[in-house]
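Novice: Structure below; questions to follow.
In the numbering used here, the protein residues as written are 67 to 405.
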């Protein structure tokens, strides 16, 4: 890696915080960007930032990347090494309620980052995609070599759009870009809008938990430290340009342009009811559950094929759900003690 700082957008977010902390611990300088919006409790984001600010190698900019001029100013006159773009408007269900937020953050914001990387000749742009791009795909495990042309949520559609936008910039400007399809990331410092956090809070408070698809939802839960490890390895591996494939043999995951897509998942599907059981064990309380139908935009099961990730960087996420839930519950109890 170069001596230039790594730019991490979404540094106050769940994965961004974990990655920035890992890079700082490894001696890298990190420039963090985040709008610290109120999609979920900003106090959690500020607590993450407080930890990052303990390092003299961390610089922070409070910035909405959808705003063109401030984002241009962020890149102007600076030489970043790799750029890791993790800032986004997340959440499948929220995209049904506030679609414009997804166009602003995930499309306009991403375009501004692409332009910044293009004009400053960034060495590598790594960006967050999502397992949501698989949409109506029912073939399991989900493979990056499958077409993903049938999104079932606007969130998923914006993430597929990010992959396409990045490919265009890789093709036109030889900008190395790598898209990462994250699968249900969980762990300490996790997002309050995700199932792990929602269920833990409800169990502790004695509130009911809604189990969609009548409790038969299955997810590829991926522990955050595994995700950070995979991202860190990929940062130092910008995709090369290659030869165009023979006619009719284009592959959805690779290209003659310096552009690649990877799944970042545990390659294991866990039923949501099993997650509830593990949380009940950790907190010593029985959950109150309500079985409800599938919600619009959801899919019944996700599971990642991570063979490409293993082949290229020699790593695959593998933390068992039992161990990951234990670590999450320990953090949850400590963080909310006395609050």
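Glycine residues also receive a C-beta, built at the ideal position from the N, C-alpha and C atoms.
Which runs of the alpha helix (DSSP H) at least 4 residues long sit entirely within the region 99–134? Give them in chain order.
Specialist: With a minimum length of 4 residues, the continuous alpha helix (DSSP H) runs that stay inside the region 99–134 are 108–118.
Novice: Could you tell me which of 311, 272, 339, 372 sits nearest to residue 349, measuring between CA atoms?
Specialist: When each option's Cα is compared against that of residue 349, the closest is 272.
Novice: Hey, is the region 119–127 in contact with the region 321–333, meaning 3+ C-beta pairs nearer than 8 angstroms?
Specialist: Cβ pair count under 8 angstroms is below three, so no.
Novice: Measuring only the C-alpha atoms, how far is residue 189 from residue 90?
Specialist: Cα to Cα, residue 189 sits roughly 19 angstroms from residue 90.
Novice: Using only alpha-carbon positions, find the residue among 240, 133, 258 that is nearest to residue 402.
Specialist: That would be 258, whose Cα lies nearest to the Cα of residue 402.
Novice: Grouping DSSP H, G and I as helix and E and B as strand, with all else coil, what is residue 388?
Specialist: Three-state result, residue 388: helix.
Novice: Anyone know if the C-beta pair for residue 241 and residue 175 falls short of 9 angstroms?
Specialist: Taking 9 angstroms as the Cβ cut-off, residue 241 and residue 175 do not qualify as a contacting pair.
Novice: Looking at C-alpha atoms only, which residue of 255, 198, 87, 141 is the closest neighbour of residue 109?
Specialist: Nearest C-alpha to residue 109: 255.
Novice: Measuring alpha carbon to alpha carbon, tell me which residue in 372, 217, 182 is nearest residue 249.
Specialist: Answer by Cα proximity: 372.
Novice: Residue 360: buried (16+ other C-beta within 10 angstroms of its C-beta) or exposed?
Specialist: Residue 360 is exposed by the Cβ-count criterion.
Novice: Going straight from the alpha carbon of residue 106 to that of residue 260, what length do you get?
Specialist: Residue 106 and residue 260: Cα-Cα distance of roughly 11 angstroms.
Novice: Per DSSP, which one or two residues make a beta bridge with residue 151?
Specialist: Note: residue 151 sits in a beta bridge opposite 75, 193.
Novice: Count the other CB atoms, across all protein chains shown, that sit within 10 Å of the CB of residue 313; report buried if there are 16 or more and exposed otherwise.
Specialist: Residue 313 should be labelled exposed.
Novice: Which of the three DSSP states, helix, strand or coil, is assigned to residue 255?
Specialist: Residue state, collapsed to three classes: coil.
Novice: Note the first and the last residue of the continuous alpha helix (DSSP H) segment covering residue 267.
Specialist: Its alpha helix (DSSP H) spans residues 261–271.
Novice: Grab the span of the beta strand (DSSP E) containing residue 226 for me, first residue to last.
Specialist: It is not in any beta strand (DSSP E) - residue 226 instead sits in the alpha helix (DSSP H) that spans 220–239.
Novice: By a C-beta neighbour count over all protein chains shown, 10 Å radius and 16 as the cutoff for buried, is residue 199 buried or exposed?
Specialist: Residue 199 is buried by the Cβ-count criterion.
Novice: In the DSSP assignment, the alpha helix (DSSP H) including residue 278 goes from what residue to what residue?
Specialist: Unbroken run through residue 278: none, as it is neither H nor E.
Novice: Please report the straight-line C-alpha distance between residue 101 and residue 166, rounded to a whole angstrom.
Specialist: Approximately 17 angstroms between the Cα atoms of the pair.
Novice: Would you kindly check if the distance between the Cβ of residue 296 and the Cβ of residue 383 is under 9 angstroms?
Specialist: Cβ atoms of residue 383 and residue 296: closer than 9 angstroms.
Novice: Should residue 289 be labelled buried (16 or more other beta-carbon atoms within 10 Å of its own) or exposed?
Specialist: Buried, by the Cβ-count rule.
Novice: If residue 184 and residue 235 are in contact, beta carbons under 8 angstroms, what's the gap, nearest whole angstrom?
Specialist: Contact holds; Cβ gap of about 6 angstroms.
Novice: Taking three-plus beta-carbon pairs below 8 angstroms as touching, is the region 302–311 in contact with the region 198–212?
Specialist: These segments do not touch.
Novice: When you compare only the Cα positions, how much space is there between residue 187 and residue 213?
Specialist: Approximately 30 angstroms, taken between the alpha carbons.
Novice: May I ask you to verify whether the region 69–77 touches the region 135–155, counting CB pairs closer than 8 angstroms and requiring at least 3?
Specialist: Touching, yes.
Novice: With DSSP run on the structure shown, which of helix, strand or coil describes residue 96?
Specialist: Three-state result, residue 96: strand.
Novice: Taking C-alpha atoms, which residue in 397, 83, 229, 152 lies nearest to residue 112?
Specialist: Checking every option, the nearest Cα to that of residue 112 belongs to 83.
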